[in-house]
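**Q** Quick one: the structure is below, and I'll ask about it shortly.
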Amino acid sequence: MFLVDVYDVHVTGYSEPGAGDSPSHFDLGMYPVIRVTPGSAPKRSSIGVACDQTPSRRQRRQCLGDAGIGRDTGSSCSHHAATSAHHAMTGPHPTSVESTDAIVADLYRAAAGELPWGEPLAALRTLFDAWGVHLHGVRLATGGVAFSYEVGGFPPDGVLAYIREYHAIDPRAALVARLGLGQWISCHHHFDDAFVARDRFYQDFLIPYGGRYVSGAKIYEDAEIVAILGIHRGRGMQPLARHEVTLVERMGRHVSTALGMWRRQCRLLDERLLGNAVLDQLPHAVMLIDEQQRLHHANAAARQLLQTNRTLRLHEGALQLISPQCHHELLLALRRLRIGGEQSYRDDTPSVGRAIVRLGAPRCGHFMALVISRLRPDETMGAFGQRDLAMVLVHDLRRRVPVDRFVAASIFGFTPAEAAVAVAVAEGRTPADIAAEHGVARSTIRAQLNSIFAKMGVSRQVDVAAALVSLPGAGADLLVRADAAGSGRSRP
754 MFLVDVYDVH VTGYSEPGAG DSPSHFDLGM YPVIRVTPGS APKRSSIGVA
804 CDQTPSRRQR RQCLGDAGIG RDTGSSCSHH AATSAHHAMT GPHPTSVEST
854 DAIVADLYRA AAGELPWGEP LAALRTLFDA WGVHLHGVRL ATGGVAFSYE
904 VGGFPPDGVL AYIREYHAID PRAALVARLG LGQWISCHHH FDDAFVARDR
954 FYQDFLIPYG GRYVSGAKIY EDAEIVAILG IHRGRGMQPL ARHEVTLVER
1004 MGRHVSTALG MWRRQCRLLD ERLLGNAVLD QLPHAVMLID EQQRLHHANA
1054 AARQLLQTNR TLRLHEGALQ LISPQCHHEL LLALRRLRIG GEQSYRDDTP
1104 SVGRAIVRLG APRCGHFMAL VISRLRPDET MGAFGQRDLA MVLVHDLRRR
1154 VPVDRFVAAS IFGFTPAEAA VAVAVAEGRT PADIAAEHGV ARSTIRAQLN
1204 SIFAKMGVSR QVDVAAALVS LPGAGADLLV RADAAGSGRS RP
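For the sequence shown, my numbering assigns the number 754 to the initial residue and increments by one for each residue that follows.
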């Protein structure tokens, strides 16, 4: 059943006095506003709506429109009317002690790794009736995006467009860069409609994707990154009011503290984890990184590579790729792997368990690749710690090494049994030989070969042998097929 609430809206205000004049009062009278809601008792009440300037006939229509009659123009008069009428009809924002305490608690749970960051950010979005909430980190050394969490109205392709290109021309970023830590700004106080109408960021990116206003702050900074929190209102919405900004500032202080705890916890992780000890025994260069590309562990081969290789290096505790394009691809790969939790990303592409980032200049041929696999605590018995990590295998396409089950399984997503069969085929053994050695039926080996064919994108045993024998020198084409096959095997 739908019931009707009828509100009498009383629209009044004062004019701004001219020189020598005293302020004059105007009264537009009482107007009914009807709201249809399910499951509530019908009622009639009065609302006072104040306008802060003497209205012309047109402005009166605007003021009444935002009280529930007519259309929204976004003027100062309409903003105050809309805010008052909205709060009177729907109740104030849920800023009770209980609701804000719950959000604060979830922020610290996210810092401890118990929740994805997306959960408390989604609660902040609800608290401020926001179009979206965006928390991202920028590396001080390069200006590149270190991590990015977003909830709300940001379309997935818009998030990727911002990461790839438009963050570099965002005029709001320069404003935030000049702020002190914890100091908030609202974009409409700095960029008027004339600026917005001619600015490429607003016209080519933000407004077409549905955004319009933001209140933001530099809420965290250390020697490596600066983190920015933005509360966004979309096209057709109003910017945050003064009382809302006051609450944002208070919640921002908790986000800052939680981020600091999160970053410090990463540095204090126990290096003697069982999984790390296993990686240390591998001859291949293997690293563990998080969604900020911070290095959690590197085995001996990886540490040597980081010291001698110019394509990738360690900077202020984070893995850094020399090519900005390659670094963007690494960030996007970590997003596809959902490192940090599904709810922390606005992305409609399916999640994957494995991704490949090719390094090197395309004109010279890709000579190195990062094979990235997702490690979740509940899938690894906590052997690598209690948070999501990405395992990065550095695959040098120029070096020829003996066929290796670990490398083959990492690149193609083989199960251990499939990896053993693939390596045996590469070494020249027949399916009958392999079945006898493994103590299984030939039909089992044939089924495993069919799975291997699908994952490698080939159709014959000779192709499997040729590809594995040529590892790591198989080249970019083989990696493209492996990456495409891996993307098709999405996991929740």
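Even glycine gets a Cβ: it sits at the ideal position worked out from N, Cα and C.
Taking the straight line between their C-alpha atoms, what separation do you get for Ala858 and Leu880?
**A** Between Ala858 and Leu880, the C-alpha separation is close to 15 Å.
**Q** Does the Cβ-Cβ distance between Ala1175 and Val1217 come in under 8 Å?
**A** In this structure, Val1217 lies closer than 8 Å to Ala1175 by Cβ.
**Q** Which of the three DSSP states, helix, strand or coil, is assigned to Asp1149?
**A** Looking at Asp1149 - three-state DSSP - the assignment turns out to be strand.
**Q** Here's the rule: buried if 16 or more other CB atoms are within 10 angstroms of the residue's CB, otherwise exposed. What is His985?
**A** Buried is the call here.
**Q** Alpha carbon to alpha carbon, how far is Arg1127 from Arg1047?
**A** The alpha-carbon atoms of Arg1127 and Arg1047 are separated by roughly 15 Å.
**Q** Where Val1160 and Val1110 are concerned, what is the direct C-alpha to C-alpha distance, given to the nearest angstrom?
**A** Cα to Cα, the separation comes out at about 15 Å.
**Q** Relative to the C-alpha of Ala926, which candidate in Val912, Leu982 and Ala894 has its C-alpha closest?
**A** For the residues Val912, Leu982 and Ala894, the minimum Cα distance to Ala926 belongs to Leu982.
**Q** Would you call the CB atoms of Leu1112 and Ala1179 closer than 8 Å?
**A** No.
**Q** Can you tell me which residues form a DSSP beta bridge with Glu872?
**A** Answer is none; Glu872 lacks a bridge partner.
**Q** Looking at the structure shown, is Glu997 part of a helix, part of a strand, or coil, going by DSSP?
**A** Of the three classes helix, strand and coil, the one that applies to Glu997 here is helix, per DSSP.
**Q** Identify the continuous beta strand (DSSP E) that holds His1080 and give its terminal residues.
**A** Where His1080 is concerned, there is no enclosing beta strand (DSSP E), although the alpha helix (DSSP H) it sits in stretches over Pro1077 to Arg1089.
**Q** Taking buried to mean at least 16 other C-beta atoms within 10 Å of its own C-beta, is Leu888 buried or exposed?
**A** It counts as buried.
**Q** So with Cβ pairs under 8 Å, would you call Leu1123 a contact of chain C?
**A** This model lacks chain C altogether, as it is built from one protein chain only.
**Q** Under the rule that 16 or more other beta-carbon atoms within 10 Å means buried, what is Phe900, buried or exposed?
**A** When all chains shown are included, Phe900 counts as buried.
**Q** For Ser1163, name the three-state secondary structure that DSSP assigns.
**A** Helix, per DSSP.
**Q** Start and end of the alpha helix (DSSP H) containing Gln1201?
**A** Looking at the DSSP string, the run of the alpha helix (DSSP H) that includes Gln1201 is Arg1195 to Met1209.
**Q** Note down, in chain order, each residue of its chain lying with its Cβ closer than 6 Å to the Cβ of Gly896, except the 5 sequence neighbours on either side.
**A** Here the set comprises nothing.
**Q** Under the rule that 16 or more other beta-carbon atoms within 10 Å means buried, what is Asp1131, buried or exposed?
**A** Per the 10 Å Cβ criterion, exposed.
**Q** Among the residues of its own chain, which have a CB less than 7 Å from the CB of Leu874, if the five just before and after it don't count?
**A** Once the five neighbours on either side are set aside, the close Cβ partners of Leu874 are Val886, Leu888, Tyr902 and Val904.
**Q** Flag this pair as yes or no: are the beta carbons of Ala1086 and Ala1108 separated by less than 8 Å?
**A** Result yes, Cβ atoms of Ala1086 and Ala1108 sit closer than 8 Å.
**Q** By the DSSP assignment, the alpha helix (DSSP H) with Arg892 in it spans what residues?
**A** Looking at the DSSP string, Arg892 is not in any alpha helix (DSSP H); the run it does join, the beta strand (DSSP E), is Gly885 to Arg892.
**Q** Have a look at Leu1058 and Glu1082 and give me their C-alpha separation to the nearest angstrom.
**A** Taking the straight line joining both Cα atoms gives about 20 Å.
**Q** So, is Asp945 buried or exposed, given that buried needs 16 or more other C-beta atoms within 10 angstroms?
**A** Looking at its Cβ environment, which holds fewer than 16 other Cβ atoms inside 10 Å, Asp945 is exposed.
**Q** Since Ile1187 and Ala1177 are thought to touch, with beta carbons under 8 Å apart, how far apart are those beta carbons, to the nearest angstrom?
**A** Between Ala1177 and Ile1187 the Cβ distance is about 5 Å, and since that is below 8 Å, they are a contact.
**Q** Look at Leu928 and His943 and say whether their C-beta atoms are less than 8 Å apart.
**A** Yes.
**Q** Quick one, are the C-beta atoms of Val949 and Ser968 less than 8 Å apart?
**A** Contact: no.
**Q** How long is the line joining the alpha carbons of Gly964 and Phe954, rounded to whole angstroms?
**A** Going from the Cα of Gly964 to the Cα of Phe954 covers about 11 Å.
**Q** Run through the DSSP bridge pairs and tell me what Glu903 is partnered with.
**A** Partner(s): His887.
**Q** So, at 7 Å on beta carbons, what are the nonlocal neighbours of Pro924 in its own chain, with the 5 sequence-adjacent residues on each side left out?
**A** Excluding sequence neighbours, Pro924 sits near Phe944, Asp952 and Phe954.
**Q** Quick one: measure Cβ to Cβ for Leu1041 and Leu1142, integer angstroms, because I've assumed they're closer than 8 Å.
**A** With 8 Å as the limit, Leu1041 and Leu1142 qualify as a contact, their Cβ atoms being about 5 Å apart.
**Q** Can you grab the Cα-Cα spacing for the pair Ser939 / Val912, in whole Å?
**A** When rounded, the distance between both Cα atoms is 21 Å.
**Q** Can you find the residues in the same chain that come closer than 8 Å, C-beta to C-beta, to Met1014, ignoring five residues on each side of it along the sequence?
**A** The residues are Tyr861, Ala864 and Ala865.
**Q** Report the three-state DSSP secondary structure of Met1014 (helix, strand or coil).
**A** Met1014 falls in the helix class under three-state DSSP.
**Q** When DSSP labels each residue in this structure, what does Glu974 get in the three-state scheme?
**A** Strand at Glu974.
**Q** Just to confirm the assignment: which complete alpha helix (DSSP H) runs, minimum length 4, are found wholly within the stretch 917-951?
**A** With a minimum length of 4 residues, the continuous alpha helix (DSSP H) runs that stay inside the stretch 917-951 are 924-930 and 946-951.
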